[in-house]
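Worksheet for the structure shown next.
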Amino acid sequence: MSNDFYTLKILPYAGIIIKICRAYTDSQEDFEDYYQEVCLQIWRSREQFRGDSKWSTWIYRLSLNICLTFIKKKQKNKQHVNADNKMIADTIDNYAFSDESLNLLYDAIKKLSEIDRAVILLYLEEKSQKEIAEIIGTSPNNIGVRVNRIKERLKKLLDGKIN
Numbered sequence: 001m002s003n004d005f006y007t008l009k010i011l012p013y014a015g016i017i018i019k020i021c022r023a024y025t026d027s028q029e030d031f032e033d034y035y036q037e038v039c040l041q042i043w044r045s046r047e048q049f050r051g052d053s054k055w056s057t058w059i060y061r062l063s064l065n066i067c068l069t070f071i072k073k074k075q076k077n078k079q080h081v082n083a084d085n086k087m088i089a090d091t092i093d094n095y096a097f098s099d100e101s102l103n104l105l106y107d108a109i110k111k112l113s114e115i116d117r118a119v120i121l122l123y124l125e126e127k128s129q130k131e132i133a134e135i136i137g138t139s140p141n142n143i144g145v146r147v148n149r150i151k152e153r154l155k156k157l158l159d160g161k162i163n
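Note that the sequence shown covers residues 1 to 163 in the numbering used here.
Listed below in structure tokens is the structure:
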């Protein structure tokens with residue numbers, strides 16, 4: 001991957017990629033693996049970008065698909081992990097921001113379903129319902145209803161934890 005491509009086409013969207021990867025990982029090691037894989041796949045499939053949507057929309061979709069694929073692979077492999085490896089994995093520190101409120105929010109987001117995580121992350125990025133629907137592959141009306149339900153669920157999860 002050339003430095004120019006990374007600097008011009010990936011780095012401006014690093015915040016998006018970081019937020020998505022963070023929402024789908026529990027350790028720094030996994031986070032780094034996901035982030036690296038997303039960047040690599042963006043570079044590998046850059047020629048497949050047809051311009052039917054915004055570059056940022058395409059980045060979101062690709063990032064989500066890669067994270068969801070990793071989760072599925074991890075769930076399959078989890079059955080093969082022995083007890084010692086599981087103990088080690090459970091003690092790995094979460095990738096954390098310095099703001100405790102933000103950590104609590106991400107912890108709550110991680111308790112949502114995979115699709116709901118994607119929807120709320122896009123909503124927090126101030127994407128329109130139309131853009132979110134395009135990325136997720138559903139209707140804008142469905143997104144509106146879903147966002148309201150997710151907000152209620154997050155409120156219940158966070159109740160009493162954030163001032």
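In this text, a Cβ means the ideal position worked out from N, Cα and C, and glycines have one as well.
So what does DSSP say about residue 8, is it helix, strand or coil? If DSSP states are grouped into helix, strand and coil, residue 8 belongs with the helices.
Anyone know if the C-beta pair for residue 154 and residue 118 falls short of 7 Å? Going by C-beta atoms, residue 154 is not nearer than 7 Å to residue 118.
For residue 116, the three-state DSSP class (helix, strand or coil): DSSP, read as helix, strand or coil, puts residue 116 in helix.
Helix, strand or coil for residue 137 per DSSP? DSSP places residue 137 in coil when its eight states are reduced to three.
Helix, strand or coil for residue 85? Go by DSSP, reduced to three states. The predicted position of residue 85 is uncertain, since its pLDDT is 45 and thus under 50; no value can be drawn from it.
So, helix, strand or coil for residue 15, using DSSP? Collapsing the DSSP output to three states places residue 15 in a helix.
Candidates 14, 158, 21 and 70: which alpha carbon is nearest residue 100's? Measuring from the Cα of residue 100, the nearest candidate turns out to be 158.
Going along the chain, which residues of its own chain have a beta-carbon closer than 6 Å to the beta-carbon of residue 147, five neighbours each way excluded? Only 123 meet the Cβ criterion.
What are the boundary residues of the alpha helix (DSSP H) that residue 34 is part of? Run containing residue 34: 28-44, per the alpha helix (DSSP H) assignment.
Looking at the unbroken alpha helix (DSSP H) that takes in residue 101, where does it start and where does it end? Where residue 101 is concerned, the enclosing alpha helix (DSSP H) stretches over 100-110.
So is residue 131 buried or exposed if we call it buried at 16+ other beta carbons inside 10 Å? With at least 16 other beta carbons inside 10 angstroms of its own, residue 131 counts as buried.
Rounded distance between the beta-carbons of residue 35 and residue 16, thought under 8 Å: About 11 Å; that fails the 8 Å criterion.
Could you check if residue 73 is buried or exposed, using at least 16 other CB atoms within 10 Å of its CB as the buried criterion? Exposed, since its Cβ has fewer than 16 Cβ neighbours within 10 Å.
Nearest neighbour of residue 136, chosen from 149, 103 and 65 [CA to CA]: Among 149, 103 and 65, the Cα nearest to that of residue 136 is on 65.
Ignore the nearest five residues each way along the sequence and tell me which others in residue 38's own chain have a CB closer than 6 Å to its CB. Result list for residue 38: 17, 63 and 66, in chain order.
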